[in-house]
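This report refers to the structure that appears directly beneath it.
Numbering (the working numbering), first residue to last: 14 to 121.
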């Protein structure tokens with residue numbers, strides 16, 4: 014059960030980190046979607062290319078036309094991340110608490 018709890022906790026951190034540090038930018042001059050790594054945490058998930066913030070400021074992870082193949086999964090997952098990450102972390106804590114209780118019972 015400890016491995017499952019650790020896995021849930023790591024998954025929680027990955028989802029929360031992906032929400033804060035990745036995003037999709039849509040180019041204004043061509044039908045292209047770009048998955049980027051943000052240089053600083055930000056809450057936006059997807060946005061059109063901003064004229065005041067040039068694309069080279071972002072680290073490009075993937076680029077595809079007209080949209081990302083996994084975009085239908087990525088965007089809803091990132092929208093659910095503020096609720097999903099704490100739920101997964103809470104489930105991990107509960108599993109660890111149950112594991113500790115079971116070990117305490119077997120030691121008696």
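All C-beta atoms in this analysis are idealised placements derived from N, C-alpha and C, irrespective of residue type, glycine included.
Which residues DSSP lists as bridging residue i, in chain order
i, result
"residue 100", "None; residue 100 has no bridge partner."
"residue 39", "46, 61"
Continuous alpha helix (DSSP H) stretch holding residue i: start and end
i, result
"residue 28", "15-34"
Supposed contact pair residue j and residue i - C-beta distance, whole angstroms, cut 8 Å
i, j, result
"residue 21", "residue 104", "5 Å"
"residue 92", "residue 38", "Wrong, their Cβ atoms sit about 17 Å apart, outside the cutoff."
Identity of the residue in the options nearest residue i by Cα
i, options, result
"residue 52", "111, 82, 30", "30"
"residue 50", "42, 76, 25", "76"
"residue 70", "89, 81, 35, 79", "35"
"residue 100", "24, 120, 14", "24"
Residue range of the unbroken beta strand (DSSP E) whose run includes residue i
i, result
"residue 76", "72-77"
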